[in-house]
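Following the working numbering, the numbering of the sequence shown begins with 89 at its first residue and continues without gaps.
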Amino acid sequence: MSNFSTVLVANRGEIAVRVITTLRRLGIRSVAVFSDADVNAPHVRLADSALRLGPAPATESYLNIERVVDAAISSGADAIHPGYGFLSENVAFARACADAGVVFIGPPVGALEAMGDKIRAKATAIEAGVPVVPARHDPDMDDTTIIEAARDMGFPVLLKPSAGGGGKGMRIVTAADDLPAAIASARREARGSFGDDTLLIERFVTQPRHIEVQVFGDTHGQVIHLGERECSLQRRHQKVIEEAPSPLLDTDTRERLCASAVRLAQAVGYVGAGTVEYVVPAQQPEDFAFLEMNTRLQVEHPVTEMITGVDLVEWQIRIAEGQPIPLRQDEVAVCGHAVEARVYAEDPMRGFIPTGGEVLEYRPPAQSRVDSGIEAGSVIGSDYDPMLAKVISHAGGRQEAIDRLLESLAHTVLLGFGTNIDYLRFLLSAPQVQAGDLDTGLIDRLGLPEEGDVPLHALVAMVAGRDEVRTEGGFDRTDGWRIGGQAALRLDVNPGDRRIEFFPPERLVIDDVEHRVSLHRTGHGHHTGQAWEISVDGAVEVLHIADEGDHRWVHGPRSGTQRLQISTPLQRRIRTTGSGPLTGRWSARSPMPGTVVALEVTPGASVMEGDPVVIVEAMKMEHTLRAPAAGVVAAVRTNVGAQVRLDEELVDIDLSGEDS
């Protein structure tokens, strides 16, 4: 029986759903909060009640301490679970909860203060006998002091903001001449992100692996660990794939690493869930060193849950109620291996720019655990983090867990905008990942998969269910029959300018090559989609299809996810003869869903190659579209402030065919 009758969940998305699910299982009433952007979100409907916080911007809703605490008081909540991100490590929020008589489900203020400041955290670790990377942590270092410290410890070095995490403001510097500019840049970003430009500097470990330990403390003085997680697959300091346990550590190193994490938690009187993070040299894992402590639940906590059988959210709640940790250290058992992949609304083939829009179809895989906060019909905007879901596999061994995750990702249907799902499959299939030969720079070295031809099954899916075929003599049929012979459904498909001719019911010609096909609809989608069983020359694949204007989204376990367009051959096609200049009509298309923040041209204006045409912003990222060659602006289809879709045509230019 719980001491809490009502808990407010001060978060959104998949973590809010995750917490509410455990509250429901424990019989505790849940209260959701939401911004105007999330009024119809799954976590709002799942909770027993929900309260509006304010407009979409996080500063006016999920980050507004006064509004969150007021919501807890008005709902009669005994406690607040902050999830991760937002206010989860905010000392002022923890104090505000205490002042309002509401339990903060997290560590005490003293632990938040000790571990929230990276400089103080390093000093605490040293006092606790936890190894640290050679560094300077003085809180009042000016630029000259940082430069001198770098020369003393040797290059490469890592500049890090003291006041925050998530990779913001971090700079790797390999040469003394690059330090001044890097310091200035790091201070600017730290000041903008955290309101504090204090920097620390540490020796950068080559081939570093990122390994972290899950710890728990209670109010009875007990601290234990639940093993470690490997989080070395990162892009721009953001984790992409996580697993537990680490494939690097032997038994002795694992025991030493986890014991040091417990000592650090004990040193600050830690209560609740926390994660102690380490940098570990790939070639010498015994030389691990403390990085920082995250005083909250981590995004990757499900892999620990899968191998230990522990519901970490339940433990957080029990400990916040004053109960002891349910297990002793020697009772914690690790079973098998777990791997987690984070699904983001981003386009890897366009530099990982954020995407978004309406979820036209969503079918999570049945083979693995999926934590998500979306559904068919959800609208993904640019106000919050682009993470959509986490797919987590568990098996007896590492290879089996990876294989199961690959299979699950292959069967994850998410249509309506670009995601990183196919990229995750590429990453998990890399020989280095398969072998466990990881480090934090591996993703950058692997690059991106090569863009191949659109799979045949995806091209065939373009004709499934289409009604363009009409017959002569006034008959209205969709099977291609007509007086005098069979009519073909002819399509030009982008990308790749592929030509399709469909002669129902089973002949299809793609780029002059004939194939035998069959199309059989197996069901309707959850929202706007369809499911089709498609056979091409005897090979069968079940594909999910959703239409978006003149585009068609197609997903299959072998074909991956494709966004194809019916094209008109003579319209908006850039042409060139030999090595001559570009001619034809070109359209500046939005590279991402976002807002037009600047229009640099007007109809009739002349442009030269490289001239800026229009600027689009999303997720605080600006992208400038430039003319590919000299020409004249034929049409401007948008205006400043307009919300635009991915690939929406914004400006048309008739290219003159003249050299710039």
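The C-beta atom is built at its ideal place from N, Cα and C for all residues, glycine as well. Only a predicted model underlies this, so the values are computations on that prediction, with no experimental measurement involved.
In the three-state reduction of the DSSP assignment, Phe590 falls in the strand class, which pools E and B. Along the length of the segment 382 to 440, whole beta strand (DSSP E) runs at least 3 residues long occupy 425 to 432, reported in chain order.
Less than 9 Å separates the beta-carbon of Ala676 from that of Ala715. With contacts defined as CB atoms closer than 9 Å, Val427 and Leu336 fail to qualify as a contacting pair.
By the neighbour-count criterion, in which a residue is buried when 16 or more other Cβ atoms sit within 10 angstroms of its Cβ, Arg324 is exposed.
Here DSSP, grouped into helix, strand and coil, assigns Ala718 to coil. Between Glu688 and Val739, the alpha-carbon positions lie close to 10 Å from each other. Less than 9 Å divides the Cβ of Ala120 from the Cβ of Ser137. In this model, Glu201 and Val179 are separated by some 7 Å (Cα to Cα). Runs of the beta strand (DSSP E) spanning 3 or more residues and lying entirely within the segment 283 to 310 occur at 287 to 291, 296 to 305, in chain order. In the DSSP annotation of this structure, the continuous segment of the beta strand (DSSP E) that includes Met475 starts and ends at 475 to 483. Distance check between Asp473 and each of Gly444, Phe376, Gly465 places Gly444 closest, using alpha-carbon atoms only.
The closest CA to that of Pro249, considering only Arg140, Glu290, Arg438, Val597, is found on Glu290. The secondary-structure analysis by DSSP pairs Tyr450 across a beta bridge with Leu502. When beta bridges are read from the DSSP output, Ser137 appears opposite Val119.
Sequence-distant partners of Ala377 (beyond 5 residues in either direction) whose C-beta falls short of 7 Å from its own C-beta, in its chain, are Pro219, Val220, Val221, Tyr366, Val367. With fewer than 16 other Cβ atoms from the protein chains shown falling within 10 Å of its own Cβ, Pro227 counts as exposed.
Per DSSP, the continuous alpha helix (DSSP H) segment holding His545 begins and ends at 544 to 549.
By the neighbour-count criterion, in which a residue is buried when 16 or more other Cβ atoms sit within 10 angstroms of its Cβ, Gln487 is exposed. Judged by DSSP secondary structure, Ser149 falls outside any beta strand (DSSP E); it is assigned neither H nor E. Contact check between the segment 330 to 345 and the segment 418 to 433: three or more CB pairs, one atom from each, fall below 8 Å, which counts as touching. For the options Val127, Glu300, Pro583, Ile598, the alpha carbon positioned closest to that of Leu577 is the one of Ile598. With 16 or more other Cβ atoms from the protein chains shown falling within 10 Å of its own Cβ, Ala251 counts as buried. When the five nearest sequence neighbours on each side are left out, the beta carbons in the same chain lying within less than 7 Å of the beta carbon of Pro700 are those of Glu688, Thr712, Arg714, in order along the chain. In the DSSP assignment, Val367 falls within the beta strand (DSSP E) that extends over 360 to 369. Scanning Ala408, Leu321, Thr341 for the CA closest to the CA of Phe192 turns up Ala408. In this chain, Leu734 is not harboured by any beta strand (DSSP E), its DSSP state being neither H nor E. For Ile207 and Pro691, the gap between their C-alpha atoms comes out near 56 Å. Val642 is positioned such that its CB atom lies no closer than 9 Å to that of Leu596. In the three-state reduction of the DSSP assignment, His643 falls in the strand class. Cys319 is classed as buried because its beta carbon has at least 16 other beta carbons within 10 Å across all chains shown. Boundaries of the beta strand (DSSP E) around Ile622: 618 to 624. In this structure Ile490 is in contact with Gln522, their Cβ atoms being roughly 7 Å apart against a cut-off of 8 Å.
By the criterion of a C-beta distance shorter than 7 Å, Ala355 is surrounded in its chain by Thr212, Glu215, Ala216, once the five residues flanking it on both sides are discounted. The continuous beta strand (DSSP E) containing Glu331 extends over residues 326 to 332. Residue pairing for Phe376: DSSP places it in no beta bridge.
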